[in-house]
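Undergrad:
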Amino acid sequence: GRGIVMEFKRLGEKESMEEQLTAALAQIEEKQYPATLRGEGCGEVLKLAIVFDGKRLMVRERLDDGTRYL
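Anchor point for the sequence shown: position 38 equals 38 in this note's numbering, and the numbering is continuous, going up by one each time.
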């Protein structure tokens, strides 16, 4: 099966969209959300970082198929 992990951030003062998108993807990895879904049978996990600034938003995505490279 497939899974989706979404991390939402709100843009604060003196923060950039780019910084928050990067932080959201890093948080997904840090909290090991994809590993949890893989443990439940998901082979592929789509990671979405979503940052809001008022009515504007930006999304960045990464596909995690569970492959590990050493």
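A virtual CB, placed ideally from N, CA and C, is assigned to each residue, including glycine. Note that this is a predicted model, so its numbers are computed, not measured.
Going by DSSP, what residues sit across from residue 62 in a beta bridge?
TA: Position 62 of the sequence shown, counted from the first residue, corresponds to residue 62. Answer by DSSP bridge pairing, in chain order: 47.
Undergrad: Rounded to a whole number of angstroms, what is the C-alpha to C-alpha distance between residue 22 and residue 49?
TA: The sequence position of residue 22 within the sequence shown is 22, counting from 1. The sequence position of residue 49 within the sequence shown is 49, counting from 1. So the two alpha carbons sit approximately 8 Å from each other.
Undergrad: Using only alpha-carbon positions, find the residue among 40, 7, 1 and 28 that is nearest to residue 57.
TA: Your numbering for residue 57 matches position 57 in the sequence shown. If we check each option's Cα against that of residue 57, 7 comes out closest.
Undergrad: Given residue 4, which residues of its chain have a CB within under 6 Å of its CB, disregarding the five upstream and five downstream residues?
TA: For the purposes of this step, residue 4 is taken as residue 4 along the sequence shown, with counting starting at 1. So the qualifying residues of the chain are 46.
Undergrad: Leaving out five residues before and five after residue 2 in sequence, what residues of the same chain have Cβ atoms less than 8 Å from its Cβ?
TA: For this step, residue 2 is matched to residue 2 along the sequence shown. Excluding positions up to five away in sequence, the list reads 42, 43, 44, 45 and 46.
Undergrad: Is the CB-CB distance between residue 25 and residue 60 below 9 Å?
TA: Here residue 25 refers to the residue found at position 25 when the sequence shown is read from its first residue. Here residue 60 refers to the residue found at position 60 when the sequence shown is read from its first residue. Taking 9 Å as the Cβ cut-off, residue 25 and residue 60 qualify as a contacting pair.
Undergrad: Count the other CB atoms within 10 Å of the CB of residue 20; is the residue buried (16 or more) or exposed (fewer)?
TA: Looking up residue 20 in the sequence shown gives position 20. Buried, since its Cβ has 16 or more Cβ neighbours within 10 Å.
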